[in-house]
Structures are given as C-alpha cells and as structure tokens.
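Chains as they are written, first to last, in the numbering used here: chain F, 22 to 395; chain A, 22 to 395; chain U, 22 to 395; chain Y, 22 to 395. Where a beta carbon is used, it is the ideal one built from N, C-alpha and C, also for glycine.
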C-alpha cells in the first residue's frame with residue numbers, strides 16, 4: 022500500500038530501482054487545464070542532477086524525463102500523468118562482490134530482513150535516485166502553485182561545522198531564489214559557501230562525508246491551508262521531509278529553539294497592514310493550529326552524513342560472520358547529500374502545499390471566491 | 022477527510038470540542054482477541070489528566086473513559102471500538118467577552134478564516150483536550166505492542182533553559198519507565214526536575230510560560246517495521262508528533278546533531294551478539310532506510326511555550342481593528358505544555374508502531390513465523 | 022481499516038453493536054457552514070425506525086439521535102460531527118440458548134471464523150441496526166445536496182412476486198417523493214402496495230419471509246460528478262448498495278436489460294433544450310463513462326428475503342455437530358427487509374453524491390463558477 | 022485522487038490513453054517473494070487482446086507487457102511493480118473530423134464538461150484499452166491466489182437474446198476453465214456459443230451491436246475474506262465490476278432472483294462434510310455478512326451493447342447545434358464488448374480477492390496458522 026504513494030488529492034506513486042531499466046512517477050489527481058511540458062520537468066531535474074560539481078556524486082545521468090500520459094495539446098487533462106526517466110549510467114557489476122556484507126548505515130540489512138530479498142544493485146529501491154521522481158512531480162506541483170501566486174524555495178544552511186548566516190526570508194522570494202542559485206551548493210551566503218566547499222573537500226580527502234541542513238520557505242500562501250488535528254500543515258511537511266533518504270530532523274518556525282523560549286517571546290502578535298491581518302513576527306513559521314496564516318512558511322530539515330565513505334568499516338555478512346566492508350573501487354557517492362537534497366526538500370514542500378490547496382476547496386459549503394481569482 | 026483520522030490499518034478517528042458534551046475516539050481495525058477494559062484506558066488517561074500538580078492547568082477533569090462498542094466478554098471483537106469521555110468541568114462563559122479578539126498563538130484567526138465559523142469555547146476543536154483521545158487510543162495500541170513484547174516510553178528532557186542529562190536508553194525499559202514516573206514532570210533526572218519546577222514557578226510568577234522537549238523510545242521492536250519511501254517509520258513518527266498541538270520539531274536518533282557529524286562518526290557498525298545481528302552504536306535511533314533495525318527506537322519532540330500567558334498582549338479583532346488581548350480572570354492554562362505532552366508523545370509512538378506492525382504482515386508472500394510466536 | 026468507514030472527502034465511520042450501549046457515526050469532512058440540528062437527523066431516522074407497521078420488526082426503538090460535536094450556533098464548523106443513538110429496547114437473554122448453533126444465512130459462522138470471537142447478541146455488529154448510522158449521516162448529506170438543488174429519493178418496486186408498475190422518474194421529484202410516502206411500504210404504486218402487503222402477510226403466516234427490490238433516483242445533478250476509471254459514479258454507488266445488509270444485486274439505468282439490447286436501441290441520443298445539452302432518452306441512468314450527465318440518476322438494488330424465519334432449520338453447531346436452529350420465541354424480525362431498506366438506499370445514494378460533489382472541486386485548475394452559485 | 026487507483030493493500034494505479042505513447046500500471050503492495058516474469062502477464066493479456074476473432078475489434082495490438090521495476094532474480098521484491106505496454110496500432114487522424122460532435126453513449130460530453138479538455142483520440146483515457154492494465158495487474162493477483170490454492174475463472178453467459186445454460190460451478194475449476202476456453206467467446210456452452218456468434222454476425226450486418234452477461238467464480242477461498250460493513254467482499258466486487266467500461270449491473274449469488282424468493286427457499290443450510298462446515302446449497306454465492314464462507318464465489322456482470330455502431334445517429338456538437346454523428350470509415354470497434362470483458366471481470370475478481378487476503382492478516386491479534394500453510 023501507500024508506502025510508495027504520497028498525497029491525498031494530488032497523489033503521486035513512484036517506482037523504479039537505481040539500476041533498473043527506468044524510474045518513474047504517476048501523478049493521480051492533477052487538476053485539468055495546467056499548461057505542462059517536459060521542459061518544465063527537465064529544468065527541475067537539472068538542478069538535482071548528479072555529476073555536475075566536485076561536491077556531488079560523479080554518476081552521470083542525463084535525467085531526461087518523458088511525459089507518457091495525461092497531457093494533451095499542451096495541457097493537463099485530469100488523467101494520470103506518467104513521467105518516466107530511463108536509467109543510463111548504471112554499472113551493477115561492482116556491487117556483486119559486496120552483496121552479502123552488511124553495509125553500515127545502508128538498507129541492505131533491513132530490506133533483506135523485511136522482504137527476504139533485496140535488489141542490492143546501486144541500492145535498488147532504497148537509492149536516493151528515487152528522489153528524481155519527487156522532483157519531477159514537484160515541478161508539476163510548483164507550476165500549479167505559481168498559477169495561484171504561491172512560490173517555494175529551499176537552500177543549504179549548514180554543512181558539518183559551517184553555518185550560513187540566517188537568510189532574511191522577508192525578502193522578495195525572487196531575490197531569495199536568485200541568492201540560492203548563485204553557487205553549486207544552493208547556499209545564499211557566499212562566504213559560508215566557500216567554507217562549506219573547503220570542509221567538503223577536506224572530508225573527501227579523509228575518505229569521509231558530512232551532514233548538513235536545508236531550509237525551505239513558501240511565499241504567497243492564502244490563510245487556511247492545512248487541516249487541523251492529524252493533517253496539520255506542519256505534520257504533513259514533517260512526514261514529507263522525514264521520508265527523504267538520510268533526513269534525521271524537522272523544524273517549523275523556531276523549531277527546537279522554541280523549547281527554550283518563553284511564551285511572551287515566542288508569541289507572534291497580530292496586527293493589520295492595509296486591512297490584511299498578519300503577525301508582527303513569525304516565530305511560528307507560517308502556521309497556527311496547523312493552518313497557514315498567510316505569513317511566509319519557514320522550516321528546515323537535517324541530513325546525516327552519507328554512510329558511504331572511503332574507509333574500511335568493520336561489519337558482518339548476512340549470516341552474522343565478521344567481515345570488513347570496503348566500498349568497491351570506483352564507486353560513486355555524494356560526500357554531502359544535503360546539497361542535492363535542496364531541490365528535493367523544495368519539491369516535497371510544493372507537493373504538500375498543492376495537496377492542501379486542493380483539500381481546502383472542500384472546507385466550506387460554498388467555495389470562497391479567493392480560490393478562483395488566480 | 023482524514024484530518025481527524027490517523028493510521029492505515031489501525032485507524033483512529035477522534036471527535037469533540039473542549040467545551041462540547043463529550044470527546045471521543047473510534048478505533049477501526051483493532052485486531053480481534055485483545056483483552057481490553059476501561060481500566061486499561063483510564064490508567065493511561067490518569068497520567069495525562071490535568072489538575073493534579075501545580076505545573077499543569079488547574080482544570081479538573083476526571084477523564085473517565087467508557088467503551089461503547091467493540092469489546093465483548095472482555096476481548097476486542099474486530100468491530101470498531103468507540104471510546105467516549107464526557108466533559109464535565111467546562112465553563113464557556115468567560116470566553117464570551119474575548120471571542121472576537123485574535124488570541125496570539127491561537128487557532129481563532131486561522132479557524133475563522135478557513136471555516137467561516139469557529140467554536141471558540143475553550144479552543145473548541147483546536148484545544149489540546151483532543152489529545153485525551155490520542156492517549157485513550159494509544160492505551161489500546163500499547164496493549165497490543167505488549168502482547169508482542171514491545172514497550173514504549175516517553176519522558177521530559179528539557180524545560181526552558183534546563184536540560185536533563187541524557188538518559189541511557191540501553192537500560193531495561195522497565196527501569197526507564199520507573200525513572201520517568203518518579204516525579205510529576207515525567208523527568209528521569211531528579212536534579213533537573215527540581216530546576217525545571219523552579220523555572221516553571223518563576224515563569225508563572227512572571228505571568229509567562231515555557232517550552233520544553235520530550236524524548237521517546239521503544240524497546241523490543243522486530244527488524245522490519247516501517248515501509249520504505251513515503252511510509253518510512255520515522256516519516257510516520259514525524260507526522261504523528263508534529264500533529265500534537267504546540268509541537269515545533271522532531272528528531273530521530275542524532276537528529277540535527279547528525280548534520281554536524283562525519284560519516285565515520287555517525288555510521289553504526291554491524292556486529293552479531295548471540296547470533297543476532299545488531300549495531301555497536303545507535304546514532305540512527307533504531308531505523309535504517311525507514312525500517313526498524315531491532316535497536317531501540319529513539320527520538321524527541323520540541324514543544325513551544327504555551328501561548329496563553331497572563332500578560333496583556335497587543336492584537337486586533339476579527340475585523341482588523343486594534344485591540345488588546347487579556348486572558349479572562351480565572352482562565353486555566355498549562356505553564357509548560359511539554360509536561361502533559363509526555364503521555365501524548367508516548368501514545369502517538371505506540372499508534373505508529375501498531376500500524377507498522379499490522380502493515381508488515383503483508384510484506385511477504387508467506388507470513389514470517391516470528392509474527393505469531395508472541 | 023476502512024471496513025467501517027465510507028467516502029473519500031465526506032467520510033463517515035460508524036460503530037456500535039445491536040445490543041451494545043449505543044450505536045453512532047462520526048462524519049469527518051463535512052463542509053463548514055451547513056445549518057444542522059438533531060431534527061434534521063431524527064426526521065430521517067423516523068422513516069427507517071422499526072416497530073411502526075405490521076410489515077416490519079416489532080422491536081421498539083425511539084431512535085433519537087444526539088449530535089455530540091461539530092455543530093456550533095446551529096451550523097457545522099468543519100470539525101467531525103459525532104452522532105450517537107442510544108440503544109433501549111435490547112433483550113439479549115433470548116440469544117443465549119442458540120449462541121452456538123449456526124444460524125442459516127447469518128453472520129455467526131463467518132464472524133466466528135474470521136475473528137475467533139462473535140458478539141452474537143442481536144447480531145452484534147452484523148445487525149441491520151447499523152444502517153441507522155447510514156441514515157443519520159445520509160440526512161446530513163441530503164441537506165448538503167439540497168443546498169445545491171440536488172434531491173434524492175428511493176422507493177419499493179418489488180416484493181416477492183409482486184412488481185410495481187415502473188415509476189415515471191421524469192416527474193418532478195417532489196411528486197415522486199410524495200408518491201413514495203403515501204403508504205408504509207414506500208411504494209408509489211398504490212395497487213401494487215396492497216398486493217405486497219397481502220404477500221407479506223401470507224409469508225408471515227407461513228413463518229416465512231420475502232425478498233424485494235428498491236429503486237433510487239437523484240434529480241438536479243450537475244454534469245461532471247464521478248471520477249473516471251475506478252471511482253466511476255456507478256462503481257461507488259454499487260459498492261455503497263452492496264454494503265447494505267441483505268443486498269444481492271445492483272443496476273444502473275437499464276441494468277441487466279441492457280445485456281439483451283442492441284446498441285441502436287440502448288444509445289441515448291444527444292439534443293439541446295433551452296441551450297442545455299441533454300439526452301432524448303435515459304437508458305444509461307444518468308451517467309456516461311462514469312460521470313453524471315445531468316439527466317436523472319436511476320438505479321435499483323435487490324434484497325434477499327430475511328434469513329430469520331419462523332421455521333425450524335437443519336444446521337450444525339460451531340463444532341460441526343448436527344443441530345436444529347429454531348428462532349427463540351418472541352424474537353423480532355422483518356418479514357421483508359426491502360421495506361426498511363428504502364431510506365437506507367436513499368442515504369447511501371446521497372452519501373456517494375456528496376462525496377463526488379466535493380471531489381469534483383479538485384477536477385479543474387480553476388473552480389467552475391457553477392459550483393458556487395447555489 | 023484515487024480515481025485511477027484500486028485496492029487497499031494490493032493497490033494498483035493505472036495510466037495512459039488509447040492513442041498515447043503507452044499505457045501502464047504500477048502495483049504498490051505486492052508481497053515480496055512471488056516468482057514473476059513477463060510471460061505470466063503476457064499470457065493473460067493474450068486472452069484479452071483484440072484482433073483475433075471476427076467477433077472483436079480488428080485493432081491489432083501485440084500487447085507485449087514489460088516489467089520495469091519490482092522484480093529481481095525472478096521474484097517480486099516488495100517494491101512497486103511497474104508494467105508498461107507500448108501502443109502501436111493507433112491511428113488518431115480519423116478522429117479529427119468528428120471531435121466536436123457528441124458521440125452517443127461515449128465519454129466526449131461528460132469528460133469535456135468535467136475537465137474542460139478531452140483527449141478524444143481513440144477515446145483517450147475513457148477507452149476500454151485501459152482494461153489491459155487491469156488484466157496485467159490481475160495476472161499478478163491470480164499468481165498470488167494460486168500460491169494459496171485459490172483459483173478464479175470467468176465466462177460469457179449471455180449475448181443479446183441468447184442465454185447459455187447455467188454452468189455447474191461445483192465442477193472442478195480446471196474443468197470450468199477448460200470449458201470456457203473451448204471457443205473464442207469464452208462460452209462453456211458450445212451450442213449457445215454458436216447461436217451467440219450468429220447473433221453477433223447478424224448485428225454486425227445491421228451495423229448494430231449487442232450486450233451480454235459475464236459470470237465469474239472463485240474456488241478454494243478460505244473462510245474469512247472480506248471486511249464487514251463497508252468493505253464487504255461483495256461490495257468491493259460490485260465496485261470493481263461497475264468500474265469496467267460498459268458494465269451496467271452486478272449480482273452475487275441469486276442476485277435479483279433473490280428478490281422474488283422466500284427465506285425458506287433462499288437460506289443455505291449448514292452441514293459438515295469431513296469435519297468442514299459448509300452449506301448444502303449456495304444461493305448466497307459464497308459470502309455471508311460480507312465475508313467468504315469457503316463455498317465457491319459466484320456472481321455476474323451485465324454489459325451494455327457497445328455504443329459505437331455503424332449507423333448515423335442524431336446528435337449535437339459541443340456547442341449544442343444539431344449534428345449527425347457518423348463513425349469514421351474504417352474505425353474499429355467491438356460488436357459485443359462482453360466477450361473481451363471476460364478476462365477483465367476475471368482480473369477484477371482476482372484483484373479484490375488478493376486485497377481481501379492481505380487485509381485479513383490483520384483481523385486477529387495472532388495470525389491464524391491456516392494463512393501460512395500454502
């Protein structure tokens with residue numbers, strides 16, 4: 022069931038293994054009438070694509086998506102949109118010698134125990150390659166949001182011990198986006214970015230890897246997105262983010278800092294600007310009681326250091342006998358997965374928001390005019 | 022839809038407002054054959070009940086649950102279990118004068134905008150009173166887990182600036198539980214607990230409130246719980262925790278600390294003890310690739326300081342005109358909601374695990390023997 | 022899971038056993054702003070209530086529903102609506118002596134085998150008493166439909182060998198409804214109704230029971246309800262109807278008669294009346310490709326004769342030993358369950374339509390104006 | 022949402038248009054460990070394939086399925102199974118001249134109204150070509166069932182005015198299957214089959230089409246499949262069957278005949294044979310209270326005559342202006358869609374049963390031994 026599907030009304034199902042013939046995603050519930058073509062999707066995929074910088078895996082995947090259904094005369098028809106990305110640069114042979122040794126921090130152990138069988142080639146279904154499907158579906162979601170003047174953005178805010186200075190998210194989101202695209206690390210703080218690159222190179226030289234933190238925002242949200250209780254906007258965002266491989270933590274607004282604050286410092290006071298009710302501050306990060314307030318959404322996601330490192334590691338084989346795990350020569354991995362996670366976090370945020378937007382149409386007996394004014 | 026429901030196979034639907042006639046929860050999908058009576062549920066509710074200590078709201082609710090369906094001759098029948106808790110100590114009159122003023126940090130604004138109508142009495146549906154339903158359903162979940170030798174526990178680990186020393190979760194879970202129950206704060210570090218109490222009293226004296234952090238664990242998990250990709254165990258836990266009122270952050274294992282670590286330090290190396298494969302360390306917090314490893318599950322949840330404070334706050338009314346928000350005299354609130362969140366976090370953890378346990382029965386063509394040996 | 026829940030966006034969960042403390046239903050996803058009170062629900066329940074005529078079970082249940090949540094100041098708030106009906110006239114003692122003998126045509130065998138435990142008192146969860154919850158939720162659904170000028174109606178069209186003349190569903194639906202309410206059998210053909218009553222009395226005298234057929238219609242549907250492929254309007258109606266106890270068949274439009282027709286006879290030709298496109302005939306029964314055409318919806322449902330008959334029946338006990346099944350003296354049953362199924366069929370039709378109405382709001386990128394003109 | 026998905030635990034999502042690049046289906050939730058290859062699927066598709074007999078559409082589609090994911094070393098891995106069938110013999114040009122004229126009995130009107138856009142080429146998403154995806158997924162389902170000694174079968178039982186003699190479903194199912202495969206019509210009554218062929222040829226000569234009825238059965242079911250109330254086995258079957266294009270009615274057991282019977286005639290009396298409890302007769306068709314009894318499942322489905330006929334039909338264009346609809350010369354259609362519906366009905370039956378089989382694993386606290394004995 023639902024393990025490979027995400028969303029209620031705008032619902033994607035992803036499929037495919039890292040070294041299979043292809044990977045793909047089917048979107049069921051995309052509203053009809055959205056202009057859409059492969060360029061929309063391939064532009065998004067290009068940001069996530071590996072092999073472009075010294076700071077990501079050298080695996081070369083053109084990552085050209087094709088739309089197989091659901092679009093006619095340049096517009097979505099309401100039918101499921103099937104997007105397929107063929108795998109090209111997959112070399113499974115080097116995984117053969119290590120297939121029975123448990124790889125630290127990897128899926129081998131738990132997949133084999135759960136299913137009794139594991140497609141170990143390149144990590145199979147557990148590979149981060151699956152996130153290309155999220156980015157492809159996210160590109161469709163982002164286009165819907167844009168139609169309603171909602172924009173999302175994500176960026177890198179920490180790598181190892183290097184923290185970027187906090188971004189002013191009250192800036193126009195176009196400026197934010199421009200800042201995040203100024204370097205290969207999606208880091209809007211140029212000085213920090215240089216230090217991050219140095220840290221990554223040092224880790225690579227030591228055959229090691231680094232963790233990192235990705236922040237995300239959304240501007241232009243109407244008041245009312247998110248359903249209270251178990252489908253709070255932040256609850257669905259948290260699930261979305263913790264479903265990304267290697268993610269270990271989630272914050273909305275002040276996050277864990279809120280635990281150390283007083284109510285008088287944390288409360289966002291209401292005011293009215295040009296007859297629009299808003300809050301003076303935004304410690305909450307854009308929601309109240311699980312529902313969007315109209316203030317910018319703001320949260321972040323922690324990523325662990327990739328478990329693939331160029332050092333021999335003590336382990337056992339699948340039968341429990343002691344064995345050393347050594348990555349096969351020439352194997353290709355990200356030294357800091359948080360970098361390539363940036364477009365994935367952005368995509369997951371957009372997917373949650375589009376679903377909330379469609380769900381919100383059923384909240385009232387009569388549909389509010391605001392929803393159709395786009 | 023699903024906004025008031027939680028879970029796939031073990032699915033609860035909760036209902037009720039803070040000042041309505043009653044609140045309740047219906048569990049659909051509880052397996053037949055579980056011994057269950059009201060005492061099981063009321064014992065759990067007693068831990069969450071307000072009015073017992075100076076550190077929680079003085080509202081007096083006996084919180085006596087009644088089981089209306091689904092149990093026959095002391096056992097669950099597979100039919101839905103309807104649990105009802107009648108509200109008794111509800112005084113709505115004092116909310117009347119402030120009903121049109123937007124309450125900082127509260128649901129008034131977003132509920133009114135989303136639905137066009139808001140049951141403001143005691144917070145209505147947005148009240149934390151709803152969490153009693155989670156605890157009631159969680160008590161059923163915990164009893165199922167216990168049948169399979171799985172135990173969960175939660176405790177308070179920080180309040181404001183006071184941090185407890187980290188608990189050794191490798192201890193026997195019965196010891197952990199005993200430690201967490203040694204004081205009213207569910208804090209296993211007695212010295213820290215005293216400082217927390219002092220901090221709360223100081224905040225109360227200043228008419229203010231404090232945030233806090235709750236940790237949770239589960240022992241005895243089989244390898245294999247959690248479905249990869251979008252239903253990773255930590256993804257469902259994150260959604261569960263962020264759906265609790267006032268929660269702002271979630272971590273599994275090292276959480277945000279992982280972002281600042283190297284792979285060689287974070288990786289948990291495999292070993293075999295008595296022919297059981299396990300990891301030497303547990304930085305991951307009990308899952309790999311979204312699936313339980315058999316190691317203790319470990320995570321934590323951040324709670325903001327309650328927004329109800331005894332200080333006047335600048336605000337606007339529902340029409341946008343400037344207004345001051347002052348809590349009505351005699352209104353009752355938690356100075357640190359993280360304390361009473363402890364049994365709620367524990368309940369949500371148990372609910373996620375039971376669902377994963379049942380889902381796992383469909384993972385393989387033939388059912389593994391381990392599942393029926395309990 | 023979902024076994025006790027129905028609907029996607031307008032989703033009900035029902036609970037309760039025939040001889041338990043109460044039965045109830047929780048509606049999650051009812052749009053906010055609908056005027057609603059207990060009278061709306063109790064008026065609907067009165068139609069289904071037993072004990073009113075010689076042709077239905079003499080069990081006396083006042084069937085007074087109470088609304089426990091989700092309504093404030095006379096309007097729905099978007100929060101779950103919990104409706105509870107307390108059981109009063111339940112006498113379980115007479116089921117004790119027969120509890121181990123398999124009752125022909127009843128749930129005893131399959132429930133006991135599936136769950137290992139069976140609440141046999143009055144049929145427990147398998148009792149048709151559960152349908153009161155459907156009627157209660159259906160009353161809310163019908164009120165929403167009425168807000169959009171959609172009306173539903175059901176009636177009795179056959180009992181045993183007596184067939185009513187086919188109703189002209191092109192009549193105004195208020196006339197149809199008036200005709201169906203002219204007698205206790207909900208049969209708009211007065212002459213047939215008399216023959217049906219005679220047939221039922223003859224069956225009762227022989228200690229036997231009779232089957233019957235219920236028809237349903239809906240007028241005022243917009244074009245576009247129903248989602249193609251697996252959520253076709255008729256597919257969801259079929260599931261809804263076959264979930265009613267004792268139902269054995271479902272037809273939309275010509276139903277099984279269509280199997281014996283030619284395409285030239287069955288095709289409904291398009292025409293335009295006052296600039297509204299419609300079909301000259303309505304063999305299809307109101308849908309094309311699973312989506313409503315705007316023509317009246319028309320279908321019917323077959324009900325088997327109740328298996329509770331006043332004749333000794335050969336059977337076995339739960340251990341397989343031969344035993345005779347005899348209904349306990351004074352036990353109360355419907356001689357023709359199709360009569361009391363009429364308001365249940367109507368309710369299920371309304372529930373499917375409301376869900377389709379809300380789902381349809383997500384079909385297009387921009388919401389069609391027609392949806393908010395009500 | 023769910024409009025293109027089917028099933029709870031064994032859940033398929035289908036995609037693709039009749040004249041698009043390909044059609045496909047993704048199965049999420051197939052248990053790991055099932056031997057599976059493309060031959061399994063292509064053998065099933067061959068039965069449904071068009072162009073083989075004079076009684077079905079002459080469109081030539083090799084219908085070669087490829088498995089793109091979810092299978093490794095010849096076995097399912099628990100990951101989603103993506104099956105793709107490329108379209109080859111699609112000629113869209115002939116649909117161009119008639120694209121604005123409403124086609125009687127077809128999707129043009131309702132799709133255009135619902136979505137504002139319609140991929141009219143070959144019927145687009147509304148084409149019965151989508152049923153190839155059902156058959157492909159059904160082949161996987163049938164293989165799982167076979168592992169548990171459950172077999173399903175479907176056959177043609179009526180065409181126009183020709184009714185086959187009723188099949189004795191107490192026969193061994195291998196015999197039933199052999200009988201249904203003895204001719205191109207899947208009709209086990211050889212004499213009736215000849216008459217059906219004659220009737221179809223006469224209809225084709227008159228430029229007309231015929232309806233028909235398909236029956237289905239399943240042997241070897243354990244007691245206990247199906248969840249009571251809203252997920253009754255027959256309810257899910259009814260939804261499954263009414264989701265097949267052109268279906269208009271559904272019966273389980275005696276179906277509409279039950280409406281004209283007495284309880285004493287319809288009740289199936291319990292007996293025990295070789296210590297196995299069963300019923301002497303099987304009027305119910307294999308379920309009681311929505312749960313399988315272990316007796317053969319038996320039901321049938323009515324199909325309307327195809328609306329594509331070789332006669333000019335009066336209609337209107339999309340703007341409502343009078344227009345005549347004439348099928349383009351050389352267009353290819355089934356004269357009696359019930360024939361090719363036979364493997365589709367069989368597939369839908371298997372899909373419902375596999376889902377019920379997996380759901381049933383969560384019914385009891387401890388899993389019954391019977392489930393793992395296969």
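Coil, strand or helix - residue i by DSSP
i                     : result
residue 334 (chain A) : strand
residue 27 (chain U)  : strand
residue 179 (chain A) : strand
residue 49 (chain F)  : strand
residue 255 (chain Y) : helix
residue 231 (chain U) : strand
residue 278 (chain Y) : helix
residue 145 (chain Y) : helix
residue 302 (chain Y) : coil
residue 118 (chain U) : helix
residue 348 (chain A) : coil
Rounded Cβ spacing between residue i and residue j (contact assumed at less than 8 Å)
i                     : j                     : result
residue 247 (chain A) : residue 313 (chain A) : 6 Å
residue 46 (chain F)  : residue 33 (chain F)  : 5 Å
residue 35 (chain A)  : residue 41 (chain U)  : Actually they are not in contact, since the Cβ atoms of residue 35 (chain A) and residue 41 (chain U) sit about 20 Å apart, beyond 8 Å.
residue 307 (chain F) : residue 290 (chain F) : No, residue 307 (chain F) and residue 290 (chain F) are not in contact; Cβ-Cβ is about 16 Å, not under 8 Å.
residue 178 (chain Y) : residue 235 (chain Y) : 7 Å
residue 349 (chain U) : residue 116 (chain U) : 7 Å
Exposure of residue i, with buried meaning 16 or more beta-carbon neighbours within 10 Å
i                     : result
residue 191 (chain U) : exposed
residue 213 (chain Y) : buried
residue 297 (chain F) : exposed
residue 210 (chain A) : buried
residue 202 (chain A) : exposed
residue 142 (chain U) : buried
Paired residues, beta bridge with residue i - DSSP
i                     : result
residue 196 (chain Y) : None; residue 196 (chain Y) has no bridge partner.
residue 240 (chain F) : F:172
residue 184 (chain A) : A:179
residue 87 (chain F)  : F:105
residue 343 (chain Y) : Y:337
residue 161 (chain A) : According to DSSP, residue 161 (chain A) bridges with nothing at all.
residue 272 (chain F) : F:321, A:270
residue 92 (chain A)  : A:97
Residue i: CB within 7 Å of a non-hydrogen atom of the ligand NAD
i                     : result
residue 218 (chain A) : No copy of the ligand NAD appears in this structure; indeed no ligand is present at all.
Inset, instruction - Taking 8 Å as the threshold, find out whether the stretch 48 to 59 of chain U comes into contact with the stretch 89 to 100 of chain U through three or more Cβ pairs. - result: Verdict: yes, contact present.
Inset, instruction - Decide if the stretch 228 to 237 of chain A is in contact with the stretch 322 to 341 of chain A; the criterion is three or more beta carbon pairs, one per stretch, under 8 Å apart. - result: Segments in contact, yes.
Legend entry - the stretch 356 to 370 of chain U / the stretch 145 to 160 of chain U touching (three or more Cβ pairs under 8 Å): Yes, the stretch 356 to 370 of chain U touches the stretch 145 to 160 of chain U.
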